[in-house]
Structure formats: C-alpha cells, structure tokens
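One structure is given below, encoded as structure tokens.
Numbering (the working numbering), first residue to last: 1363 to 1653.
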C-alpha cells in the first residue's frame, strides 16, 4: 500500500509540471556517446513519447559524431578539425549526410514508431526544415577560415515543423541544412538545436549528451552546478572553467536565451528518465541555465 501511495505522490508532483508544459515546445538535442547505447536510446525515446502523450510538443535534433568517425575510418578518411569544427570536403559531406539523414534519423523514427509513438523525419531527403549558409570562422588575424561545407542555420520551415507538432507527431531532424542553391551543409548539432529553439521561441532547450552537466572542477562530482545564469556562464568561459567541447554547447545556449528561450538544460542521457526528471519533477537533474 505504501508503495502505491508513493507512486500516487509522484504523479501528483508531476501534475503541475504537466499542466505547465501542455502545448509547449521543448527542443531536445541528442548527441555524444549516448547515441551509441541502444538501451539508453530506447528509454530516452520512451520518455519523449510520454512527453508528447501528456501534451508537450518535443522536437528532436541529433548529431552523430562517433558514427561519422567510424564511417570515415571505414572509408579510409582521416577527420580534420578546425577550431572544433569538422572540416567537410565533398567526400566527408557524403559520409556525414548519409550517416545523419540516411541512418541515424531513420533509426530514431523507426524506434519511436515501434514503441507506439508517431514520428516524422525531416531532412533534405524528405522535407527539408533547416535552411543555412556556409560558416566562416575568423583566424587570429581576423581572416575567414575555410571549413569546407560547414554551415550554420539561418532559418527554418516553421509551418512544416509546427504543423507536425500540432498533429501529435514527434519531429526528428538531423543536423544537415540546405543553402539557397540546395547544397547540403554540415551543421553543428548544438547550434542547430539552439537555432530551432530560438526561431520557434521554445520554452525549453535541452542538450542530452554523455556528461551530467557543468562542473566547476570536472574531477570533483560535488562541483556540479544545478543552476547558472547566462552572466555566470560567460565568466566561466572567460576563466577557462568551461572549456573544450562544452564551450560551443554553452555559447549556443546563451544565444537561445538571448533570443527568448526561457531555459536551457544540459543533462546526461545515460541517466534513466533524465528528460522526465528534469521537466516533470521539483528537483530536476543536470545543469539549468537561465537568462
């Protein structure tokens, strides 16, 4: 009996959050080694189906760096990195787009539907949603660096995306955009997710990866920060506390917040039900970033 009562208490705790996020858009970026763990992915997608069932409107954006690296190794191509971005020549672009749009996106849609959900994959192969332009980063002298077919999202097809959400479907988007000439662009999945969240004014943007959140000292789990402001994040980037691969993620989060997204979360996809715990419980997990 006590177990049943505790379960009822959990449901009642979630009720207020379910009401709050009914008909609200939540953009979720999935990446890191979490994409390699089949059991974790299945559980995560179950949670996403739950979100849609109780009235939220989740949108999934995914990367696939490790799968791309494996495919490039099979093809005998050595990855080249420029300022944290994968240099994307024509051969690399073929592998990137095939892996993201042709394999990972399709497998996520299939798994959602296998579990009884309704999903739709939007990519250059089906209906394109992400529109972009070639990205040029400055070198120390201020001159643009050639990254090949690397891009950034400049616009989205909001009507297609939001119509799917209103119809009870879960959109799944690989981080590949098309430019004005119809050329494919390899886009960083963190920045793609932030752009989508910004352009639809999502209530939440969630980054799911293989890290629990932001630490003041990565060697000390007790320094995990559960709550940070945008100003504090800028300080932590400036002093080097936030470094390496976390920098573009947090910078994307800050851009989304500045454009009106209400909260950004960085959480560990390997933790069972991490998405539900973050949205539908009073405590939450990971790191939340607010304006």
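The beta-carbon is built from N, C-alpha and C at its ideal position, and this holds for glycine as well.
Suppose the cutoff is 6 Å on Cβ atoms and the five residues either side in sequence are ignored; what does the same chain contact list for residue i look like?
i: residue 1637; result: 1409
i: residue 1450; result: 1510, 1511, 1512, 1548
i: residue 1419; result: 1387, 1527
i: residue 1484; result: 1491, 1533, 1535
i: residue 1608; result: none
Look at residue i and residue j and say whether their C-beta atoms are less than 7 Å apart.
i: residue 1458; j: residue 1491; result: no
i: residue 1497; j: residue 1482; result: no
i: residue 1534; j: residue 1422; result: yes
i: residue 1563; j: residue 1478; result: no
i: residue 1555; j: residue 1444; result: no
i: residue 1631; j: residue 1406; result: yes
i: residue 1566; j: residue 1625; result: yes
i: residue 1569; j: residue 1428; result: no
i: residue 1591; j: residue 1652; result: yes
i: residue 1605; j: residue 1531; result: no
i: residue 1595; j: residue 1573; result: no
State the beta-bridge partners of residue i as determined by DSSP.
i: residue 1630; result: 1571
i: residue 1387; result: 1419
i: residue 1656; result: Nothing about residue 1656 can be reported from this structure: the residues present for the chain run from 1363 to 1653 only.
i: residue 1506; result: 1500
i: residue 1651; result: 1590, 1626
i: residue 1577; result: 1586
i: residue 1379; result: In the DSSP output, where bridge partners are listed per residue, residue 1379 has none listed.
i: residue 1512; result: 1548
Who are the Cβ neighbours of residue i in its own chain at under 7 Å, not counting the five residues just before and after it?
i: residue 1425; result: 1393, 1537, 1551
i: residue 1578; result: 1585, 1587, 1603
i: residue 1416; result: 1380
i: residue 1385; result: 1417, 1419
i: residue 1489; result: 1522
Which same chain residues, not among the five before or five after residue i, have their C-beta less than 8 Å away from its C-beta?
i: residue 1541; result: 1493, 1494, 1495, 1496, 1513, 1547
i: residue 1501; result: 1507
i: residue 1474; result: 1407, 1410, 1411, 1480, 1481, 1532, 1534
i: residue 1467; result: 1424, 1483, 1485, 1534, 1535, 1536
Is residue i near the ligand SAH, with its Cβ less than 6 Å from a heavy atom?
i: residue 1549; result: Inclusion of the ligand SAH in the displayed structure is not the case, the ligand content being empty and no account of it being possible.
To the nearest angstrom, how far is it from the Cα of residue i to the Cα of residue j?
i: residue 1499; j: residue 1610; result: 13 Å
i: residue 1544; j: residue 1486; result: 9 Å
i: residue 1371; j: residue 1643; result: 11 Å
i: residue 1529; j: residue 1503; result: 50 Å
i: residue 1465; j: residue 1414; result: 24 Å
i: residue 1583; j: residue 1404; result: 27 Å
i: residue 1319; j: residue 1463; result: Coverage of the chain is limited to positions 1363 through 1653, which leaves residue 1319 absent and any answer about it impossible.
i: residue 1398; j: residue 1633; result: 14 Å
i: residue 1593; j: residue 1395; result: 29 Å
i: residue 1615; j: residue 1453; result: 31 Å
i: residue 1455; j: residue 1639; result: 37 Å
i: residue 1519; j: residue 1539; result: 11 Å
i: residue 1617; j: residue 1650; result: 15 Å
i: residue 1476; j: residue 1561; result: 30 Å
i: residue 1377; j: residue 1635; result: 17 Å
i: residue 1600; j: residue 1619; result: 18 Å
i: residue 1575; j: residue 1374; result: 27 Å
i: residue 1627; j: residue 1505; result: 34 Å
i: residue 1433; j: residue 1368; result: 47 Å
i: residue 1402; j: residue 1598; result: 30 Å
i: residue 1525; j: residue 1553; result: 23 Å
i: residue 1470; j: residue 1645; result: 29 Å
i: residue 1439; j: residue 1517; result: 31 Å
i: residue 1589; j: residue 1472; result: 35 Å
Tell me, to the nearest whole angstrom, how far the beta carbon of residue i is from that of residue j; I am working on the premise that it is less than 8 Å.
i: residue 1647; j: residue 1629; result: 6 Å
i: residue 1430; j: residue 1461; result: 5 Å
i: residue 1447; j: residue 1441; result: Contact flag wrong, Cβ pair sits at about 11 Å.
Closer than 7 Å, CB to CB, is residue i near chain C or not?
i: residue 1573; result: No chain C is part of this structure, which consists of one protein chain only.
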